[in-house]
Every structure is written in C-alpha cells, then in structure tokens.
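I have placed the structure first, in the form of structure tokens, so that the comments after it can refer back to it.
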Amino acid sequence: MDMIEVGSARADGPGRFEGMLKVGVHPDGAPVEIPVIIVRGKEPGPVLWMHACVHGDEYCGTYNVHAFLRSLDPAEVHGAVIALPILNITAFRAYRRMSPFEGFNNGDMNRCFPGNPKGGFTEQMAHAVYTQLKRHATHLIDFHTAFTANTRWALYADTGGEVSAAGRRMAEAFGYENTLPTPKGTLVGSAMMTAAADGIPAYIAEAGGVGTAFTPETVADVAERLRNVARAIGLLEGEVTDYGPLTLFSNFHWANAPRGGLFTPAVSCGETIGEGDVVGTYYDLFGDNAGDVYSPASGIVLAHHPGPIIPQGDVLIHIGLNPKRA
Numbered sequence: 000m001d002m003i004e005v006g007s008a009r010a011d012g013p014g015r016f017e018g019m020l021k022v023g024v025h026p027d028g029a030p031v032e033i034p035v036i037i038v039r040g041k042e043p044g045p046v047l048w049m050h051a052c053v054h055g056d057e058y059c060g061t062y063n064v065h066a067f068l069r070s071l072d073p074a075e076v077h078g079a080v081i082a083l084p085i086l087n088i089t090a091f092r093a094y095r096r097m098s099p100f101e102g103f104n105n106g107d108m109n110r111c112f113p114g115n116p117k118g119g120f121t122e123q124m125a126h127a128v129y130t131q132l133k134r135h136a137t138h139l140i141d142f143h144t145a146f147t148a149n150t151r152w153a154l155y156a157d158t159g160g161e162v163s164a165a166g167r168r169m170a171e172a173f174g175y176e177n178t179l180p181t182p183k184g185t186l187v188g189s190a191m192m193t194a195a196a197d198g199i200p201a202y203i204a205e206a207g208g209v210g211t212a213f214t215p216e217t218v219a220d221v222a223e224r225l226r227n228v229a230r231a232i233g234l235l236e237g238e239v240t241d242y243g244p245l246t247l248f249s250n251f252h253w254a255n256a257p258r259g260g261l262f263t264p265a266v267s268c269g270e271t272i273g274e275g276d277v278v279g280t281y282y283d284l285f286g287d288n289a290g291d292v293y294s295p296a297s298g299i300v301l302a303h304h305p306g307p308i309i310p311q312g313d314v315l316i317h318i319g320l321n322p323k324r325a
C-alpha cells in the first residue's frame, strides 16, 4: 500500500492520521501551517479531497468537515479522505475573509489557484495546497458560505466529459436542489475550476452564513449528505439516497449595492424573484424610509445581504439565472 503523505500527515495503512502542512511563513519568520486529516481504508478506492475556509470567516465549512470525519470508520472506507478543514488559516484566526498579511496582490484565495510559488502571500499558500491536491485527489469538495444561515446551494464544474458527468453525480448525491453546472471561464482561479481543468471532478457546497451564521442542524445535514456523496463515488458502501431532481441554472448574477446605508432585506434564500422586484429598503439615520432597491434580474435568490447596514458596492443579491428542473 503506497503512502499518502500531505505535510506531516502520513497514511501508510488504514486508520486516521493527522499532521500539518506548511503553506507559508509569518512576518516574524514562524511557519504558517494548516491542519491535515487523512482517513484511509484498507481497500483501494477514490481519494476524496475536501477543504474549508478558503475564505477565513466561513467557519461553517470547518464544522462540516469535522462532523463528517467523526462519522467515518476507517474499516468501512474504500480509498481515502484527505481533509484540510482550515485552509486560509491566517484569515481564519483574524475573523476575516482574506489574510491580514496580503498586501498588493490578489487576496481572494478562491481566485488564486493553482497558485504561484513566486507570487503574493495568498498565491504562495494556494500553490502549496494545490500541489498536494493535484497529486492525490480523484474528487474535490470545497465548502463555502454566503451571508445568512439559510444559504443552501451548490456548484459543480461542468467542463465536459467525465469531469462533468462525475460532478453531476456528486451534485445529485449531495442533493442541494439549487445547483449551477459551472461552465468554463466562470470562477477562474477557484479550486473547483482549476481541479476540473486537471481532470478532477469538483463540487462546491454553499452552506450556512459567514461567522456564526449557521446552525448545528445545518452541520449534521451536510455531514449526512457527504456520506451520501461518499456512497455515490464508491468511498463507502450502501444505497445512495435520492434527494430528488435538481434545479439547474444557466449562470448566476451578482448585483452590488448602489449606495450604502441602513438596510432591511425583503427576500430570502431559495425564493423566486422577478426583475424589478423589491430586494430591500434603505433607511436614513433618522429611521425614515430612504427608498427601495430592485432586482436587476429574474431567477432564484442564492444569497443576499442581511443588513442591518450595507456598504456601497458590497454584494446586494446573488441570483441563479434561468432555473430549470432537471
């Protein structure tokens, strides 16, 4: 049985193995290291790579990974799971989306893959991670959140051939109804699309909200859906649960806030919305109505700003376009 080695985590047989992967160096010279967990079975099979907190304040993903790993018995696993529950650890510790050590380069790690060993702080971290992902993974699941606790939608890389077919199987097994088959040229620099370009079927789950905006029920539900994905790809034995048909989008539309102010949303995640519908209402500093803001497109609400204040130019609403049951 060949060794699976990611940083100091080394799995030379069945069991659970833990270690750290060095992804950079702090300004004081101390290493930047992230946790790695490998759960390996005694039988060969797929290698499911999963990671969370690409954006450091999306903590729900970390809890999702931990809950799923706690449910695994290595004796039941065919292949292995490689999990990095806190990818962007300097941002994670600062309660921020992006690393506080990022200067003049691209600080969004999910636009930095496959990384650059000679690039900025985040690009170098992404390179250290992706080198290992590309070496080991047969499948990828990447956890993200939006703003609110009721966020529940997903994406898979739809780049053609078996990558698309396997991605669709993962999407159906995870079972979040609202799902985007993500075409080439979209989310360039994301781990999902970069992996797909290298022949690795890849999936993103958007579950829960930033910071503490998620529930134990969400985490337990995600862990079970992950077990269903594991059954669908042959990592675990057992019947695959049918969560029903997906609602697929042609693409998505981001709309930014035209101005800042006190803001009360008028929509919820999963709601169907029409172009011109009211998204929310602004109030001035005296509490008086300062005007509504309207949807720029029709579709399904995937995410929206929760208020109570919204900076000018921040994300107002995220809409899945041309929804179709499939």
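Residue numbers 0 to 325, in numbering that gives the first Met the number 0, belong to the letters of the sequence shown in order. All residues carry an ideal CB built from backbone N, CA and C; glycine is no exception.
Residue environment, residue i, which counts as buried when at least 16 other CB atoms sit within 10 Å
i: MET2; result: exposed
i: HIS25; result: exposed
i: ASN104; result: exposed
i: TRP152; result: buried
i: ASN227; result: buried
i: GLU270; result: exposed
i: LEU284; result: exposed
i: TYR94; result: exposed
i: GLY198; result: exposed
i: HIS29; result: At residue 29 the sequence reads Ala, which differs from the His that was named. Per the 10 Å Cβ criterion, exposed.
Bridge partner(s) assigned by DSSP for residue i
i: GLY208; result: ALA145
i: LEU320; result: ASN250
i: ILE272; result: GLY298
i: HIS77; result: GLU42
i: ILE309; result: GLY260
Beta-carbon proximity check, residue i vs residue j, cutoff 8 Å
i: THR144; j: GLY60; result: yes
i: VAL80; j: MET49; result: yes
i: ALA302; j: THR185; result: no
i: HIS77; j: GLY233; result: yes
i: ALA219; j: THR147; result: no
i: ALA206; j: ASN63; result: yes
i: PHE262; j: ILE316; result: no
i: LYS41; j: PRO13; result: yes
i: VAL314; j: TRP253; result: yes
i: VAL162; j: ALA156; result: yes
i: ALA125; j: PHE142; result: no
i: LEU20; j: ILE33; result: yes
i: GLY102; j: GLY119; result: yes
i: GLY55; j: PHE91; result: yes
i: LEU320; j: ALA296; result: yes
Helix, strand or coil at residue i [DSSP, three-state]
i: ARG39; result: strand
i: VAL245; result: Note that residue 245 is Leu in the sequence shown here, rather than Val. LEU245: coil per DSSP, three-state reduction.
i: THR240; result: coil
i: ASP291; result: strand
i: ASN255; result: strand
i: PHE262; result: strand
i: HIS50; result: strand
i: GLY44; result: strand
i: THR280; result: strand
i: HIS304; result: coil
i: TYR202; result: strand
i: LEU225; result: helix
i: LEU315; result: strand
i: GLY370; result: Residue 370 falls outside the range modelled here, since the chain spans only 0 to 325, and no answer is possible.
Inset, instruction - Output the residue ranges of the beta strand (DSSP E) runs that lie fully inside the stretch 80–163 and measure 3 residues or longer, sorted by chain position. - result: For the stretch 80–163, the continuous beta strand (DSSP E) assignments of 3+ residues that do not extend past its boundaries occur at 138–145 and 151–156, in sequence order.
Inset, instruction - Scan the stretch 2–34 and note each continuous beta strand (DSSP E) run of 3 residues or more that stays entirely inside, going in chain order. - result: Entirely contained in the stretch 2–34, the beta strand (DSSP E) runs reaching 3 residues are, in chain order, 3–5, 8–10 and 14–24.
Inset, instruction - Return the chain-ordered ranges of every beta strand (DSSP E) run that is complete within the stretch 162–198 and spans a minimum of 3 residues. - result: Counting only unbroken stretches of 3 or more residues, the beta strand (DSSP E) elements lying wholly within the stretch 162–198 are 177–181, in sequence order.
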